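For reference, the structure is listed below as C-alpha coordinates.
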Amino acid sequence: MLDQDMAGAQDTIYLCNFRVSVDGEWLCLKELQDVEFSVPESSLPSTPSPDDPLPLIARDPMMIERSNLVNISKLIVKELIETSLKYGRMLDSDHMPLQHFFIVLEHVLRHGLKPKKGLLGPKKELWDILQMVEKYTIDAQDITSSVRDLPTVRTHMGRARAWLRLALMQKKLADYLKILFDHREDLLSEFFELDALMMSEEAIVIVGLLVGLNVIDCNLCVKEEDLDCQQGVIDFSLYLRSSNHCSEGSSEEELYPDNMTTVLDQKNYIEELNRHLNATVTNLQSKVETLMTTNALMKEDLAISKNNLLSMNHENITLKQQLGIDVNADRTDEGGGRGGKDHSAPQGQMEEFRQMLDNEKKQRQECEKELDLQISLKAEMEVAMKLLEKDIHEKQDTIISLRRQLDDIKLINLEMYKKLQECEQELTEKGVMVTRLQAKTSQIGQILNNLEKYNHLLKDAEKGGNSSKGPNGPGQQKK
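So this is what it looks like as C-alpha coordinates:
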(Lines of atoms letter the chains of each structure in order from A and count residues from 1; the text may use other names and numbers.)
(Lines give C-alpha, C1' and ligand atoms only; values in the text may rest on other atoms or scores of the structure.)
Protein backbone atom coordinates (compact mmCIF):
# COMPACT_ATOMS: atom_id res chain seq x y z
CA MET A 1 0.00 0.00 0.00
CA LEU A 2 2.86 2.37 0.83
CA ASP A 3 4.57 1.58 -2.49
CA GLN A 4 1.39 2.46 -4.37
CA ASP A 5 1.16 5.79 -2.55
CA MET A 6 4.77 6.58 -3.42
CA ALA A 7 4.16 5.71 -7.09
CA GLY A 8 1.10 7.97 -7.17
CA ALA A 9 3.06 10.80 -5.64
CA GLN A 10 5.80 10.35 -8.21
CA ASP A 11 3.30 10.55 -11.08
CA THR A 12 1.70 13.76 -9.73
CA ILE A 13 3.12 17.13 -10.82
CA TYR A 14 2.50 20.07 -8.51
CA LEU A 15 3.23 23.23 -10.45
CA CYS A 16 3.60 25.26 -7.27
CA ASN A 17 6.92 23.47 -6.59
CA PHE A 18 8.22 23.91 -10.13
CA ARG A 19 9.59 26.77 -12.17
CA VAL A 20 8.74 26.93 -15.88
CA SER A 21 11.60 27.74 -18.26
CA VAL A 22 12.19 27.54 -22.01
CA ASP A 23 14.90 25.28 -23.42
CA GLY A 24 14.97 25.57 -27.20
CA GLU A 25 11.64 24.32 -28.49
CA TRP A 26 10.64 22.69 -25.20
CA LEU A 27 9.01 23.83 -22.01
CA CYS A 28 10.95 22.54 -18.98
CA LEU A 29 9.75 22.27 -15.39
CA LYS A 30 12.67 22.68 -13.00
CA GLU A 31 11.95 21.44 -9.50
CA LEU A 32 12.52 24.08 -6.85
CA GLN A 33 13.16 21.54 -4.10
CA ASP A 34 14.45 18.05 -4.79
CA VAL A 35 12.13 15.58 -3.07
CA GLU A 36 13.15 11.94 -2.86
CA PHE A 37 10.14 9.64 -2.58
CA SER A 38 11.74 7.09 -0.33
CA VAL A 39 10.34 5.93 2.96
CA PRO A 40 13.31 6.64 5.26
CA GLU A 41 14.01 10.14 3.92
CA SER A 42 10.37 11.17 3.64
CA SER A 43 9.70 10.20 7.25
CA LEU A 44 12.53 12.39 8.57
CA PRO A 45 11.95 16.14 9.00
CA SER A 46 14.14 18.29 6.72
CA THR A 47 15.60 21.64 7.71
CA PRO A 48 15.63 24.31 4.98
CA SER A 49 19.03 25.48 3.87
CA PRO A 50 19.81 29.16 3.18
CA ASP A 51 20.24 28.36 -0.55
CA ASP A 52 16.82 26.62 -0.75
CA PRO A 53 14.53 28.50 -3.22
CA LEU A 54 11.35 27.70 -1.26
CA PRO A 55 11.62 30.87 0.87
CA LEU A 56 11.87 32.81 -2.41
CA ILE A 57 8.52 31.37 -3.50
CA ALA A 58 6.92 32.23 -0.19
CA ARG A 59 8.36 35.72 -0.46
CA ASP A 60 7.30 36.58 -4.08
CA PRO A 61 5.06 33.98 -5.74
CA MET A 62 3.56 36.53 -8.17
CA MET A 63 6.92 36.96 -9.89
CA ILE A 64 7.17 33.21 -10.54
CA GLU A 65 3.58 33.15 -11.80
CA ARG A 66 4.36 35.97 -14.24
CA SER A 67 7.48 34.16 -15.46
CA ASN A 68 5.49 30.93 -15.94
CA LEU A 69 2.80 32.70 -17.94
CA VAL A 70 5.33 34.49 -20.16
CA ASN A 71 7.27 31.29 -20.90
CA ILE A 72 4.13 29.28 -21.64
CA SER A 73 2.89 32.09 -23.90
CA LYS A 74 6.17 32.04 -25.83
CA LEU A 75 5.93 28.33 -26.54
CA ILE A 76 2.25 28.32 -27.44
CA VAL A 77 2.56 31.35 -29.77
CA LYS A 78 5.59 29.75 -31.43
CA GLU A 79 3.75 26.46 -31.90
CA LEU A 80 0.69 28.31 -33.25
CA ILE A 81 2.72 30.25 -35.84
CA GLU A 82 4.73 27.19 -36.89
CA THR A 83 1.65 25.01 -37.41
CA SER A 84 -0.11 27.77 -39.33
CA LEU A 85 2.83 28.39 -41.67
CA LYS A 86 3.61 24.69 -42.04
CA TYR A 87 0.15 23.65 -43.20
CA GLY A 88 -0.73 26.98 -44.81
CA ARG A 89 -4.41 26.97 -44.00
CA MET A 90 -6.93 29.10 -42.16
CA LEU A 91 -7.21 28.17 -38.49
CA ASP A 92 -10.58 27.42 -36.94
CA SER A 93 -11.78 26.94 -33.40
CA ASP A 94 -10.96 23.19 -33.46
CA HIS A 95 -7.22 23.86 -33.81
CA MET A 96 -5.64 22.67 -30.56
CA PRO A 97 -2.76 25.22 -30.29
CA LEU A 98 -5.28 28.02 -30.90
CA GLN A 99 -7.44 26.74 -28.03
CA HIS A 100 -4.36 26.61 -25.80
CA PHE A 101 -3.49 30.17 -26.81
CA PHE A 102 -6.88 31.58 -25.76
CA ILE A 103 -6.70 29.72 -22.43
CA VAL A 104 -3.23 31.13 -21.66
CA LEU A 105 -4.25 34.62 -22.83
CA GLU A 106 -7.23 34.54 -20.49
CA HIS A 107 -4.94 33.61 -17.58
CA VAL A 108 -2.54 36.40 -18.58
CA LEU A 109 -5.25 39.06 -18.63
CA ARG A 110 -6.83 37.86 -15.38
CA HIS A 111 -3.56 37.61 -13.48
CA GLY A 112 -3.62 39.90 -10.46
CA LEU A 113 -7.23 41.02 -11.00
CA LYS A 114 -8.56 42.61 -7.84
CA PRO A 115 -11.29 40.64 -6.02
CA LYS A 116 -14.70 41.99 -5.10
CA LYS A 117 -14.65 44.31 -2.07
CA GLY A 118 -17.48 43.65 0.34
CA LEU A 119 -20.89 42.19 -0.36
CA LEU A 120 -22.27 45.25 -2.15
CA GLY A 121 -19.10 46.35 -3.92
CA PRO A 122 -18.80 46.04 -7.71
CA LYS A 123 -17.08 42.98 -9.08
CA LYS A 124 -13.99 43.59 -11.21
CA GLU A 125 -14.55 41.92 -14.59
CA LEU A 126 -12.22 41.56 -17.58
CA TRP A 127 -15.04 42.66 -19.90
CA ASP A 128 -15.16 46.06 -18.18
CA ILE A 129 -11.48 46.56 -19.01
CA LEU A 130 -11.80 45.53 -22.65
CA GLN A 131 -14.73 47.89 -23.21
CA MET A 132 -12.48 50.87 -22.44
CA VAL A 133 -10.34 50.28 -25.53
CA GLU A 134 -12.98 51.82 -27.82
CA LYS A 135 -12.46 55.18 -26.08
CA TYR A 136 -8.91 55.37 -27.47
CA THR A 137 -9.31 53.82 -30.94
CA ILE A 138 -12.15 53.79 -33.44
CA ASP A 139 -11.30 50.29 -34.74
CA ALA A 140 -12.42 48.67 -31.48
CA GLN A 141 -15.92 50.16 -31.60
CA ASP A 142 -17.19 47.68 -34.20
CA ILE A 143 -16.14 44.51 -32.37
CA THR A 144 -17.27 45.88 -29.00
CA SER A 145 -20.75 46.68 -30.31
CA SER A 146 -20.88 43.29 -32.04
CA VAL A 147 -20.03 41.49 -28.80
CA ARG A 148 -22.68 43.49 -26.91
CA ASP A 149 -25.30 42.38 -29.44
CA LEU A 150 -24.42 38.67 -29.36
CA PRO A 151 -27.54 36.71 -28.35
CA THR A 152 -25.69 33.51 -27.39
CA VAL A 153 -23.37 35.11 -24.82
CA ARG A 154 -24.81 36.11 -21.44
CA THR A 155 -21.92 36.37 -18.97
CA HIS A 156 -19.19 39.00 -18.74
CA MET A 157 -16.46 36.39 -19.14
CA GLY A 158 -18.11 35.03 -22.28
CA ARG A 159 -18.21 38.51 -23.81
CA ALA A 160 -14.53 39.00 -23.00
CA ARG A 161 -13.67 35.69 -24.74
CA ALA A 162 -15.71 36.69 -27.79
CA TRP A 163 -13.99 40.10 -27.87
CA LEU A 164 -10.53 38.48 -27.81
CA ARG A 165 -11.45 36.17 -30.69
CA LEU A 166 -12.80 39.01 -32.83
CA ALA A 167 -9.71 41.13 -32.09
CA LEU A 168 -7.46 38.25 -33.20
CA MET A 169 -9.42 37.87 -36.45
CA GLN A 170 -9.14 41.65 -36.92
CA LYS A 171 -5.34 41.37 -36.39
CA LYS A 172 -5.44 44.24 -33.89
CA LEU A 173 -5.13 42.28 -30.63
CA ALA A 174 -1.54 43.42 -29.99
CA ASP A 175 -2.46 47.06 -30.69
CA TYR A 176 -5.40 46.97 -28.27
CA LEU A 177 -3.33 45.44 -25.45
CA LYS A 178 -0.59 48.01 -26.17
CA ILE A 179 -3.18 50.77 -25.64
CA LEU A 180 -4.18 49.24 -22.29
CA PHE A 181 -0.54 48.99 -21.23
CA ASP A 182 0.18 52.61 -22.23
CA HIS A 183 -2.74 53.79 -20.07
CA ARG A 184 -2.16 51.40 -17.20
CA GLU A 185 -1.77 54.20 -14.66
CA ASP A 186 -5.20 55.63 -15.52
CA LEU A 187 -7.20 52.49 -16.42
CA LEU A 188 -5.61 49.33 -15.08
CA SER A 189 -4.64 50.53 -11.59
CA GLU A 190 -8.31 50.39 -10.60
CA PHE A 191 -8.70 46.76 -11.68
CA PHE A 192 -5.31 45.09 -11.10
CA GLU A 193 -2.92 44.64 -8.21
CA LEU A 194 0.44 46.37 -8.41
CA ASP A 195 2.32 43.10 -9.02
CA ALA A 196 -0.06 41.86 -11.73
CA LEU A 197 1.28 40.89 -15.13
CA MET A 198 -0.49 43.71 -17.00
CA MET A 199 1.01 46.26 -14.57
CA SER A 200 4.58 44.98 -14.98
CA GLU A 201 7.09 45.40 -17.79
CA GLU A 202 6.56 41.77 -18.80
CA ALA A 203 3.34 42.86 -20.50
CA ILE A 204 5.51 44.34 -23.26
CA VAL A 205 6.83 40.83 -23.93
CA ILE A 206 3.26 39.55 -24.26
CA VAL A 207 2.41 42.39 -26.67
CA GLY A 208 5.51 41.57 -28.73
CA LEU A 209 4.43 37.93 -28.93
CA LEU A 210 0.96 38.93 -30.07
CA VAL A 211 2.40 41.05 -32.90
CA GLY A 212 3.71 37.84 -34.47
CA LEU A 213 0.15 36.50 -34.71
CA ASN A 214 -0.66 39.02 -37.47
CA VAL A 215 0.78 36.55 -40.02
CA ILE A 216 -1.91 33.93 -39.39
CA ASP A 217 -5.53 33.89 -40.54
CA CYS A 218 -8.35 32.71 -38.28
CA ASN A 219 -11.96 31.88 -39.06
CA LEU A 220 -13.76 31.66 -35.72
CA CYS A 221 -17.54 31.40 -35.49
CA VAL A 222 -18.30 33.11 -32.18
CA LYS A 223 -22.06 32.43 -32.30
CA GLU A 224 -21.65 28.64 -32.41
CA GLU A 225 -19.22 28.39 -29.47
CA ASP A 226 -20.28 28.12 -25.85
CA LEU A 227 -18.12 30.90 -24.45
CA ASP A 228 -19.97 31.24 -21.13
CA CYS A 229 -18.69 27.89 -19.85
CA GLN A 230 -15.23 27.29 -18.47
CA GLN A 231 -12.65 26.70 -21.17
CA GLY A 232 -10.63 23.48 -21.40
CA VAL A 233 -7.23 22.71 -19.95
CA ILE A 234 -3.83 22.76 -21.62
CA ASP A 235 -2.16 19.48 -22.51
CA PHE A 236 1.37 20.22 -21.29
CA SER A 237 2.64 16.93 -22.73
CA LEU A 238 2.85 18.69 -26.10
CA TYR A 239 5.36 21.20 -24.73
CA LEU A 240 7.14 19.44 -21.82
CA ARG A 241 10.18 17.16 -21.93
CA SER A 242 12.22 15.40 -19.26
CA SER A 243 15.80 16.36 -18.40
CA ASN A 244 17.23 13.20 -20.05
CA HIS A 245 15.34 13.78 -23.27
CA CYS A 246 17.33 12.63 -26.27
CA SER A 247 16.85 14.73 -29.33
CA GLU A 248 18.53 12.18 -31.64
CA GLY A 249 15.31 10.28 -32.32
CA SER A 250 13.29 13.35 -33.28
CA SER A 251 12.57 13.43 -37.00
CA GLU A 252 11.66 16.60 -38.87
CA GLU A 253 8.36 16.63 -40.70
CA GLU A 254 8.22 17.40 -44.39
CA LEU A 255 7.74 21.07 -45.17
CA TYR A 256 4.80 22.29 -47.16
CA PRO A 257 5.48 23.06 -50.84
CA ASP A 258 7.23 26.31 -51.67
CA ASN A 259 4.29 27.72 -53.59
CA MET A 260 2.16 27.92 -50.45
CA THR A 261 4.94 29.82 -48.67
CA THR A 262 5.17 32.19 -51.61
CA VAL A 263 1.40 32.74 -51.57
CA LEU A 264 1.48 33.51 -47.85
CA ASP A 265 4.35 35.96 -48.31
CA GLN A 266 2.45 37.68 -51.09
CA LYS A 267 -0.68 37.84 -48.97
CA ASN A 268 1.21 39.39 -46.06
CA TYR A 269 2.84 41.90 -48.41
CA ILE A 270 -0.52 42.82 -49.92
CA GLU A 271 -2.06 43.28 -46.47
CA GLU A 272 0.81 45.53 -45.40
CA LEU A 273 0.56 47.51 -48.65
CA ASN A 274 -3.20 47.81 -48.20
CA ARG A 275 -2.71 49.12 -44.68
CA HIS A 276 -0.16 51.66 -45.94
CA LEU A 277 -2.47 52.77 -48.75
CA ASN A 278 -5.37 53.17 -46.32
CA ALA A 279 -3.20 55.41 -44.15
CA THR A 280 -2.17 57.42 -47.23
CA VAL A 281 -5.80 57.81 -48.30
CA THR A 282 -6.81 59.06 -44.85
CA ASN A 283 -3.96 61.58 -44.91
CA LEU A 284 -4.97 62.79 -48.37
CA GLN A 285 -8.60 63.08 -47.30
CA SER A 286 -7.58 65.20 -44.32
CA LYS A 287 -5.50 67.41 -46.63
CA VAL A 288 -8.47 67.75 -48.99
CA GLU A 289 -10.69 68.80 -46.10
CA THR A 290 -8.20 71.44 -44.97
CA LEU A 291 -7.84 72.73 -48.52
CA MET A 292 -11.61 72.91 -48.89
CA THR A 293 -11.92 74.94 -45.69
CA THR A 294 -9.15 77.31 -46.78
CA ASN A 295 -10.80 77.62 -50.20
CA ALA A 296 -14.11 78.53 -48.56
CA LEU A 297 -12.36 81.13 -46.41
CA MET A 298 -10.62 82.57 -49.45
CA LYS A 299 -13.94 82.78 -51.30
CA GLU A 300 -15.39 84.72 -48.39
CA ASP A 301 -12.39 87.08 -48.39
CA LEU A 302 -12.78 87.51 -52.16
CA ALA A 303 -16.46 88.41 -51.81
CA ILE A 304 -15.61 90.93 -49.08
CA SER A 305 -12.88 92.50 -51.22
CA LYS A 306 -15.28 92.72 -54.19
CA ASN A 307 -17.84 94.49 -52.02
CA ASN A 308 -15.18 96.90 -50.80
CA LEU A 309 -14.08 97.54 -54.38
CA LEU A 310 -17.64 98.28 -55.47
CA SER A 311 -18.17 100.65 -52.58
CA MET A 312 -14.89 102.43 -53.39
CA ASN A 313 -15.88 102.74 -57.06
CA HIS A 314 -19.19 104.23 -56.02
CA GLU A 315 -17.44 106.73 -53.72
CA ASN A 316 -14.99 107.54 -56.53
CA ILE A 317 -17.84 108.28 -58.91
CA THR A 318 -19.55 110.53 -56.38
CA LEU A 319 -16.29 112.39 -55.74
CA LYS A 320 -15.75 112.88 -59.47
CA GLN A 321 -19.27 114.25 -59.81
CA GLN A 322 -18.69 116.66 -56.92
CA LEU A 323 -15.37 117.72 -58.46
CA GLY A 324 -17.05 118.41 -61.82
CA ILE A 325 -19.72 120.52 -60.15
CA ASP A 326 -17.07 122.57 -58.34
CA VAL A 327 -15.12 123.20 -61.58
CA ASN A 328 -18.26 124.40 -63.33
CA ALA A 329 -19.04 126.71 -60.42
CA ASP A 330 -15.51 128.14 -60.58
CA ARG A 331 -15.86 128.83 -64.28
CA THR A 332 -19.17 130.66 -63.75
CA ASP A 333 -17.57 132.63 -60.94
CA GLU A 334 -14.69 133.63 -63.24
CA GLY A 335 -17.16 134.82 -65.92
CA GLY A 336 -19.07 136.88 -63.37
CA GLY A 337 -15.84 138.49 -62.20
CA ARG A 338 -15.24 139.85 -65.65
CA GLY A 339 -18.61 141.49 -65.36
CA GLY A 340 -17.54 143.41 -62.30
CA LYS A 341 -17.36 140.98 -59.35
CA ASP A 342 -14.06 139.16 -58.56
CA HIS A 343 -14.67 135.93 -56.59
CA SER A 344 -11.53 133.87 -55.78
CA ALA A 345 -11.88 129.97 -56.13
CA PRO A 346 -11.39 127.88 -53.06
CA GLN A 347 -8.02 126.49 -54.02
CA GLY A 348 -7.56 124.67 -50.71
CA GLN A 349 -10.76 122.66 -51.19
CA MET A 350 -9.73 121.70 -54.72
CA GLU A 351 -6.40 120.39 -53.53
CA GLU A 352 -8.12 118.33 -50.85
CA PHE A 353 -10.46 116.78 -53.44
CA ARG A 354 -7.50 115.98 -55.67
CA GLN A 355 -5.67 114.30 -52.82
CA MET A 356 -8.76 112.27 -51.99
CA LEU A 357 -9.06 111.29 -55.64
CA ASP A 358 -5.44 110.17 -55.73
CA ASN A 359 -5.90 108.16 -52.55
CA GLU A 360 -8.99 106.50 -53.98
CA LYS A 361 -7.09 105.61 -57.14
CA LYS A 362 -4.28 104.08 -55.11
CA GLN A 363 -6.73 102.11 -53.00
CA ARG A 364 -8.48 100.90 -56.13
CA GLN A 365 -5.18 99.75 -57.64
CA GLU A 366 -4.29 97.92 -54.42
CA CYS A 367 -7.71 96.25 -54.36
CA GLU A 368 -7.30 95.19 -57.99
CA LYS A 369 -3.87 93.71 -57.20
CA GLU A 370 -5.28 91.85 -54.21
CA LEU A 371 -8.17 90.62 -56.37
CA ASP A 372 -5.75 89.32 -58.99
CA LEU A 373 -3.72 87.62 -56.26
CA GLN A 374 -6.82 85.98 -54.82
CA ILE A 375 -7.89 84.81 -58.30
CA SER A 376 -4.45 83.28 -58.95
CA LEU A 377 -4.49 81.55 -55.53
CA LYS A 378 -7.96 80.23 -56.27
CA ALA A 379 -6.76 78.84 -59.62
CA GLU A 380 -3.79 77.18 -57.91
CA MET A 381 -6.10 75.70 -55.29
CA GLU A 382 -8.40 74.30 -57.95
CA VAL A 383 -5.44 72.73 -59.76
CA ALA A 384 -4.19 71.23 -56.47
CA MET A 385 -7.69 69.91 -55.72
CA LYS A 386 -7.89 68.27 -59.14
CA LEU A 387 -4.46 66.67 -58.67
CA LEU A 388 -5.44 65.40 -55.22
CA GLU A 389 -8.70 63.99 -56.53
CA LYS A 390 -6.85 62.25 -59.34
CA ASP A 391 -4.33 60.83 -56.88
CA ILE A 392 -7.12 59.65 -54.59
CA HIS A 393 -8.90 57.93 -57.48
CA GLU A 394 -5.67 56.19 -58.47
CA LYS A 395 -5.08 55.07 -54.89
CA GLN A 396 -8.64 53.78 -54.66
CA ASP A 397 -8.21 51.84 -57.90
CA THR A 398 -4.98 50.36 -56.54
CA ILE A 399 -6.72 49.39 -53.29
CA ILE A 400 -9.57 47.77 -55.23
CA SER A 401 -7.13 45.75 -57.35
CA LEU A 402 -5.17 44.72 -54.26
CA ARG A 403 -8.36 43.64 -52.53
CA ARG A 404 -9.29 41.58 -55.55
CA GLN A 405 -5.87 39.95 -55.51
CA LEU A 406 -6.31 39.25 -51.80
CA ASP A 407 -9.72 37.68 -52.47
CA ASP A 408 -8.23 35.56 -55.24
CA ILE A 409 -5.45 34.40 -52.94
CA LYS A 410 -8.00 33.52 -50.28
CA LEU A 411 -10.00 31.55 -52.84
CA ILE A 412 -6.83 29.72 -53.89
CA ASN A 413 -6.13 28.90 -50.23
CA LEU A 414 -9.66 27.60 -49.77
CA GLU A 415 -9.45 25.50 -52.94
CA MET A 416 -6.14 24.00 -51.86
CA TYR A 417 -7.57 23.32 -48.42
CA LYS A 418 -10.60 21.60 -49.99
CA LYS A 419 -8.34 19.55 -52.26
CA LEU A 420 -6.29 18.54 -49.24
CA GLN A 421 -9.43 17.44 -47.42
CA GLU A 422 -10.59 15.49 -50.48
CA CYS A 423 -7.20 13.76 -50.74
CA GLU A 424 -7.31 12.88 -47.05
CA GLN A 425 -10.85 11.54 -47.46
CA GLU A 426 -9.79 9.47 -50.49
CA LEU A 427 -6.84 8.11 -48.53
CA THR A 428 -9.10 7.08 -45.68
CA GLU A 429 -11.58 5.45 -48.09
CA LYS A 430 -8.78 3.59 -49.86
CA GLY A 431 -7.42 2.48 -46.50
CA VAL A 432 -10.84 1.12 -45.60
CA MET A 433 -11.03 -0.64 -48.99
CA VAL A 434 -7.58 -2.14 -48.47
CA THR A 435 -8.58 -3.51 -45.07
CA ARG A 436 -11.78 -4.97 -46.57
CA LEU A 437 -9.83 -6.57 -49.44
CA GLN A 438 -7.33 -8.00 -46.97
CA ALA A 439 -10.21 -9.49 -44.99
CA LYS A 440 -11.72 -10.95 -48.17
CA THR A 441 -8.35 -12.43 -49.25
CA SER A 442 -7.98 -14.05 -45.86
CA GLN A 443 -11.49 -15.51 -46.16
CA ILE A 444 -10.74 -16.81 -49.68
CA GLY A 445 -7.51 -18.33 -48.42
CA GLN A 446 -9.40 -20.12 -45.67
CA ILE A 447 -11.97 -21.36 -48.20
CA LEU A 448 -9.18 -22.67 -50.48
CA ASN A 449 -7.55 -24.44 -47.55
CA ASN A 450 -10.87 -26.05 -46.66
CA LEU A 451 -11.38 -27.13 -50.29
CA GLU A 452 -7.91 -28.67 -50.43
CA LYS A 453 -8.60 -30.55 -47.21
CA TYR A 454 -11.95 -31.72 -48.58
CA ASN A 455 -10.28 -32.85 -51.82
CA HIS A 456 -7.69 -34.83 -49.87
CA LEU A 457 -10.46 -36.47 -47.86
CA LEU A 458 -12.33 -37.46 -51.05
CA LYS A 459 -9.20 -38.96 -52.54
CA ASP A 460 -8.51 -40.94 -49.37
CA ALA A 461 -12.12 -42.17 -49.34
CA GLU A 462 -11.86 -43.33 -52.98
CA LYS A 463 -8.62 -45.15 -52.30
CA GLY A 464 -10.17 -46.87 -49.28
CA GLY A 465 -13.22 -47.98 -51.36
CA ASN A 466 -11.06 -49.45 -54.14
CA SER A 467 -8.96 -51.40 -51.65
CA SER A 468 -12.05 -52.85 -49.91
CA LYS A 469 -13.27 -54.39 -53.22
CA GLY A 470 -11.47 -57.69 -53.94
CA PRO A 471 -10.42 -59.30 -57.27
CA ASN A 472 -13.69 -61.28 -57.32
CA GLY A 473 -15.71 -58.19 -57.09
CA PRO A 474 -16.52 -57.94 -60.81
CA GLY A 475 -17.25 -61.69 -61.18
CA GLN A 476 -19.74 -61.58 -58.41
CA GLN A 477 -21.45 -58.68 -60.03
CA LYS A 478 -21.83 -60.71 -63.28
CA LYS A 479 -23.55 -63.58 -61.47
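Using the numbering used here, the letters of the sequence shown correspond one by one to residues 899 to 1377. Ideal placement from N, C-alpha and C gives every residue a C-beta, glycine not left out. The model shown is predicted, which means the values in this text are computed figures rather than measured ones.
query	result
Measure the alpha-carbon distance for R1301 versus D1126 and round it to whole angstroms.	36 Å
Can you check whether the CB of I1104 is closer than 8 Å to the CB of S971?	yes
Rounded to whole angstroms, what's the CA-CA distance from K1012 to W1061? Just pull it up for me.	21 Å
So, using beta-carbon positions, are C1265 and N1206 closer together than 8 Å?	yes
Can you tell me which of the three DSSP states S967 falls into?	The question names Ser, but residue 967 in the sequence shown is Leu. Of the three classes helix, strand and coil, the one that applies to L967 here is helix, per DSSP.
Just to check my reading of the structure: M1055 and L1007 have Cβ atoms closer than 8 Å, yes? What is that Cβ distance to the nearest angstrom?	With 8 Å as the limit, M1055 and L1007 do not qualify as a contact, their Cβ atoms being about 11 Å apart.
So is L1116 buried or exposed if we call it buried at 16+ other beta carbons inside 10 Å?	The sequence shown places Cys at residue 1116, rather than the Leu named in the question. Answer is buried; the Cβ neighbour count reaches 16.
How about L1221 and L1286: do their beta carbons lie closer than 8 Å?	no
Any idea if H1174 is buried or exposed, counting beta-carbon neighbours within 10 angstroms, 16 or more meaning buried?	exposed
Taking contact to mean 3 or more Cβ pairs, one atom from each stretch, closer than 8 Å, check whether the segment 1179-1196 and the segment 1268-1278 are in contact.	yes
What is the DSSP secondary structure of N1364, reduced to helix, strand or coil?	helix
Between E1004 and L1309, what straight-line distance do the alpha-carbon atoms span, to the nearest angstrom?	33 Å
Would you mind reading off the limits of the alpha helix (DSSP H) that contains V1002?	M994 to R1008
At which residues does the alpha helix (DSSP H) containing M1067 begin and terminate?	H1054 to Q1068
Specify whether the segment 1061-1073 and the segment 1038-1052 touch according to this definition: at least 3 beta carbon pairs, one from each stretch, less than 8 Å apart.	yes
Are there 16 or more other CB atoms within 10 angstroms of the CB of L1095, so buried, or fewer, so exposed?	buried
For C1116, name the three-state secondary structure that DSSP assigns.	strand
So, for I974: in the same chain, excluding its five sequence neighbours on each side, which residues have a beta-carbon less than 7 Å away from its beta-carbon?	P995, H998, F999 and V1002
Could you pull the DSSP bridge partners for F1090 from this structure?	L1011
Between the Cα of S886 and those of K976, K1121, L967 and K1076, spot the shortest distance and give me the residue it belongs to.	With the chain represented from 899 up to 1377, any question about residue 886 goes unanswered, as that position is not in the structure.
Please check the pair I1077 and Y1034, which I expect to be a contact at CB under 8 Å, by giving their CB distance rounded to whole angstroms.	5 Å
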